[in-house]
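Enquirer:
There are 2 protein chains.
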Amino acid sequence: MRPLFHPALEDIRPEAILYALSDPERVAIYAQLAGASGGGTCSALAQLGDRVIPKSSLSNHFKVLRESGLILSERQGIEMHNQTRCAELDERFPGLIKAILLAYAQIPGQPKVG
Amino acid sequence: MRPLFHPALEDIRPEAILYALSDPERVAIYAQLAGASGGGTCSALAQLGDRVIPKSSLSNHFKVLRESGLILSERQGIEMHNQTRCAELDERFPGLIKAILLAYAQIPGQPKVG
Chain A
249 MRPLFHPALE DIRPEAILYA LSDPERVAIY AQLAGASGGG TCSALAQLGD RVIPKSSLSN
309 HFKVLRESGL ILSERQGIEM HNQTRCAELD ERFPGLIKAI LLAYAQIPGQ PKVG
Chain B
249 MRPLFHPALE DIRPEAILYA LSDPERVAIY AQLAGASGGG TCSALAQLGD RVIPKSSLSN
309 HFKVLRESGL ILSERQGIEM HNQTRCAELD ERFPGLIKAI LLAYAQIPGQ PKVG
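Here it is as structure tokens:
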């Protein structure tokens, strides 16, 4: 099985972060991960509010989040365990993720910042 | 001549802002406009560095910036006058634009904080 690619902190680019979070579905997934203390698995995240994300889209969303540097994914048996890289990202790009999540939280129907 | 479309402040979406600023060329254009318009929360960045953007790309970049709600464009004779909507955007999405520009400023070769 191929190892999962994660960029090193110093290689993370703002354009990749912004692109990854320019999709409301990915933001919803990310926000839920950020809110859950222990991360989450794909199956746990299939339903977000009244929005249902097809499984086929879900794995691509996780890939974009991972390769942009937003999340850390680990295979655990047949499941994938995901968590945010929020703390290290906040050192590299201070205030960026929080400002983005807060902006989405202004929009009705978007996930709220926990 | 068709009127230029600008979204009302309340219709501006975070995903459109993030998408528009997920392109380093557009960020460079935006940063230069922000620097040219004087003070305010968006004036952190003013220099384009050595980057030269082809004219053919420029008009599309301005269109994306305008339709996302980032800039205000006015035809003045045969010229287009552009300015940022930074102040009103900062009320709607506090800290968002500044955090994005600061993130880009961390990257070598990107516009520097002035």
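So the sequences go chain by chain: A and B. Numbers given in this note's numbering equal positions in the first sequence, counted from 1, plus 248. Numbers given in this note's numbering equal positions in the second sequence, counted from 1, plus 248. Ideal placement from N, C-alpha and C gives every residue a C-beta, glycine not left out. These numbers were taken from a predicted model, which means no experiment stands behind them.
In the DSSP assignment, what residue or residues form a beta bridge with His-329(A)?
Expert: Glu-322(A)
Enquirer: Give me the chain A residues within the contact set of Ala-351(B), using Cβ-Cβ distance strictly less than 7 angstroms, ordered along the chain.
Expert: Pro-262, Phe-341 and Leu-344
Enquirer: Can you confirm whether Ala-256(B), when its beta carbon is compared against all beta carbons of chain A, has any partner nearer than 8 angstroms?
Expert: no
Enquirer: From which residue to which residue does the alpha helix (DSSP H) around Pro-356(B) run?
Expert: Careful: Pro-356(B) lies outside any alpha helix (DSSP H) and carries neither H nor E.
Enquirer: Between which two residues does the alpha helix (DSSP H) containing Ser-270(A) stretch?
Expert: Per DSSP, Ser-270(A) belongs to no alpha helix (DSSP H) and is neither H nor E.
Enquirer: Going by C-alpha distance, which of Pro-251(A), Leu-269(A), Pro-342(A) and Ser-316(A) is nearest Gln-259(A)?
Expert: As written in the sequence, residue 259(A) is Asp, which differs from the Gln given in the question. Residue Ser-316(A) is the option with its Cα nearest to Asp-259(A).
Enquirer: With DSSP as the reference, label Ala-256(B) as helix, strand or coil.
Expert: Ala-256(B) carries a coil assignment under DSSP once its states are collapsed to helix, strand and coil.
Enquirer: Report the CB separation of Ile-345(A) from Asp-338(A) in whole angstroms; it is logged as a contact under 8 angstroms.
Expert: Confirmed, about 6 angstroms.
Enquirer: Could you name the residues of chain A that Ser-270(B) contacts, counting a contact when the two beta carbons are closer than 7 angstroms?
Expert: Glu-263, Leu-266, Tyr-267 and Ser-270
Enquirer: Starting from the beta carbon of Gln-331(B), find every residue of chain A whose beta carbon is closer than 8 angstroms, and list them in chain order.
Expert: Neighbours of Gln-331(B) on chain A: none; closest Cβ ~21 angstroms, over 8 angstroms.
Enquirer: Does the distance from the C-beta atom of Ala-268(B) to that of Arg-274(B) stay below 8 angstroms?
Expert: yes
Enquirer: Taking the alpha helix (DSSP H) that Ala-374(A) falls in, what are its first and last residues?
Expert: Absent from the model: residue 374(A). The displayed extent of chain A is 249 to 362, so no value can be given.
Enquirer: Go ahead and label His-309(A) buried or exposed: buried means 16 or more other beta carbons lie within 10 angstroms of its beta carbon, across all protein chains shown.
Expert: buried
Enquirer: With H, G and I counted as helix, E and B as strand and the rest as coil, what does DSSP make of Arg-250(B)?
Expert: The three-state secondary structure of Arg-250(B), taken from DSSP, is coil.
Enquirer: So what does DSSP say about Arg-314(B), is it helix, strand or coil?
Expert: helix
Enquirer: Cβ of Ala-335(B) less than 8 angstroms from any chain A Cβ?
Expert: Using a Cβ-Cβ cut-off of 8 angstroms, Ala-335(B) does not count as an interface residue toward chain A, since no Cβ of chain A sits closer than that to its own.
Enquirer: Around the C-beta of Ala-335(B), are 16 or more other C-beta atoms found within 10 angstroms, so that it is buried, or is it exposed?
Expert: exposed
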